[in-house]
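As structure tokens, the structure follows; a few thoughts come after it.
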Amino acid sequence: MPKTETPPVSCASCKGRGYAMSNLKGKLRVETCACFHCDKCDGEGKVFRENEKGIAYLSDCECKALKKRWCMVEEAGIPGKFVGADFDSYINHHRSQGIAKRVAEDFAQDLMNSKKDFNRGLIFMGAPGLGKTHLAIAIIKKLGFEKGVPCRFVDFFQLLADIRHGYSEDMSDQAFIKPYLDARVLVIDELAKGRNTEWELTVLDQLISSRYNSADKVTIFTTNYPSEMRIEIKEPKSFYRDKDGPDKNYADTYMRESLQEKIGARIYSRLAEMCKFVMIEGQDLRQKSLSASQRYPRNKR
Numbered sequence: 001m002p003k004t005e006t007p008p009v010s011c012a013s014c015k016g017r018g019y020a021m022s023n024l025k026g027k028l029r030v031e032t033c034a035c036f037h038c039d040k041c042d043g044e045g046k047v048f049r050e051n052e053k054g055i056a057y058l059s060d061c062e063c064k065a066l067k068k069r070w071c072m073v074e075e076a077g078i079p080g081k082f083v084g085a086d087f088d089s090y091i092n093h094h095r096s097q098g099i100a101k102r103v104a105e106d107f108a109q110d111l112m113n114s115k116k117d118f119n120r121g122l123i124f125m126g127a128p129g130l131g132k133t134h135l136a137i138a139i140i141k142k143l144g145f146e147k148g149v150p151c152r153f154v155d156f157f158q159l160l161a162d163i164r165h166g167y168s169e170d171m172s173d174q175a176f177i178k179p180y181l182d183a184r185v186l187v188i189d190e191l192a193k194g195r196n197t198e199w200e201l202t203v204l205d206q207l208i209s210s211r212y213n214s215a216d217k218v219t220i221f222t223t224n225y226p227s228e229m230r231i232e233i234k235e236p237k238s239f240y241r242d243k244d245g246p247d248k249n250y251a252d253t254y255m256r257e258s259l260q261e262k263i264g265a266r267i268y269s270r271l272a273e274m275c276k277f278v279m280i281e282g283q284d285l286r287q288k289s290l291s292a293s294q295r296y297p298r299n300k301r
């Protein structure tokens, strides 16, 4: 927030940030908080400045740039249920989650401090409910709010559904894909989810190839599938060593199918070159938060 003549009153809605977030029809909404006031421009968005010759001219106030950042975060397409997702709210119950959080924080900071040639991304891998999407969104929120970096979020399965719908309306796939091709930072959630038909893999290849060939594009992925290194693992129980014990269902999946098998060697090879792989282990936090009667499968009595 711009400096004010008097200290800002603590606000429950924005916690002193100047903006408030909410879930509006399933999408993240970011709006200027009612408590926000800029004493420099008195809410006009314009201030007088002087050039080196002492001539006054009208210019945008700093608060206008702040509000532009807030709009950019809203336009990123973040799901509304992640309104509270940031680094502070990420809770790790497993050592690998703590490591993943530090990787994500360092990654965001490095990108903010870098020049435009920073283009290496991340892939968060692991079972459902471990906070992969939470960390990916925490990254783009930080980039957007603090630096105004243009970011986009897309669930890959939903993108495919939108393209199919576009075909029925005689729209080209480019109408849907272009915003994701152009974004400085793109999060692709749930990579390899679905049947992965030839057409689906063609769309994925087009998206990844375009960003792969751009020197200034950063892509972050989340996936429930592990890397091709699964064949080196002998015992499923070795994946998880936290107090809650192994997740056998995911261990079986880990042994059965890998990300490379889901998306093919060509796309996987490009991902390996584009991104750092971050494996996250532990227990499904969504299941962990439920009462015993709500969990599936329930323990037999």
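All residue numbers for the sequence shown refer to full-length UniProt numbering, where the first residue is 1 and numbers rise by one.
Note that CB positions come from ideal geometry on N, CA and C, so glycine has one too.
As summarised for the UniProt domain "IstB-like ATP-binding" (119–226), the continuous alpha helix (DSSP H) elements at least 4 residues long and confined to that stretch are 132–147, 156–168, 174–182, 198–212, given in chain order. Within 10 angstroms of the beta-carbon of K132 lie 16 or more other beta-carbons, which makes it buried. Annotated as distal: V185 and V154, with beta-carbon spacing of 8 Å or more. Counting only residues of its own chain and dropping the five nearest sequence neighbours on each side, M112 has a CB closer than 7 Å to the CB of L143, E146, K147.
Taking a 10 Å sphere around the C-beta of W199, we find fewer than 16 other C-beta atoms and assign the residue as exposed. Assigned with DSSP and collapsed to three states, S96 falls in helix. With distances taken between CA atoms, L159 lies nearest to L191 out of K116, L191, K25. According to the DSSP assignment, Y19 belongs to the beta strand (DSSP E) that extends over 19–24. Non-local beta-carbon contacts of V278 in its own chain, meaning distances under 7 Å to residues more than five positions away in sequence, involve A100, V103, L122, I123, F124, M125 in chain order. Selection Q206, I280, E281 evaluated against I263 yields Q206 as nearest (Cα-Cα). Residue burial annotation: R164 is exposed, with fewer than 16 other C-beta atoms found within 10 angstroms of its C-beta.
Between F118 and D110, the C-beta spacing is below 8 Å.
About 27 Å separates the CB atoms of A175 and I139; that is not less than 8 Å, and the two are not in contact.
Under the three-state reduction of DSSP, K81 is assigned to helix. For E62, the enclosing alpha helix (DSSP H) has its first and last residue at 62–74. By the criterion of at least three beta-carbon pairs nearer than 8 Å, the region 49–56 is not in contact with the region 92–99. When the Cα atoms are used, M274 and K116 turn out to be separated by approximately 15 Å. Counting C-beta atoms within 10 angstroms of its own C-beta, D170 has fewer than 16 neighbours from the protein chains shown and is therefore classed as exposed. Under the DSSP assignment, E261 falls in the alpha helix (DSSP H) whose first and last residues are 259–263. Taking every protein chain shown into account, the CB of D189 has 16 or more other CB atoms within 10 angstroms, so this residue is buried.
Taking a cut-off of 8 Å on C-beta distances, the region 16–29 touches the region 64–78, as three or more cross pairs fall below it. Here I267 has L201, L204, D205, I208 as same chain residues with Cβ atoms under 8 Å from its own Cβ, once five neighbours each way along the sequence are excluded.
Looking at the backbone, the Cα of A265 and that of K68 are separated by about 41 Å.
Nearest Cα to Y180 within the set Y167, S214, N196, G194: S214.
In this structure G45 does not touch K15 by the C-beta definition: roughly 24 Å separates them, more than the 8 Å allowed. Per DSSP, V103 has no beta-bridge partner at all. Following the DSSP letters along the chain, one finds F87 in no beta strand (DSSP E), marked with neither H nor E. Excluding residues up to 5 positions away in sequence, M21, S22, N23, L28 lie with their Cβ nearer than 7 Å to the Cβ of V83 in the same chain. Annotated three-state conformation of S10 is coil, per DSSP.
In the structure shown, E31 falls within a strand segment according to DSSP collapsed to helix, strand and coil.
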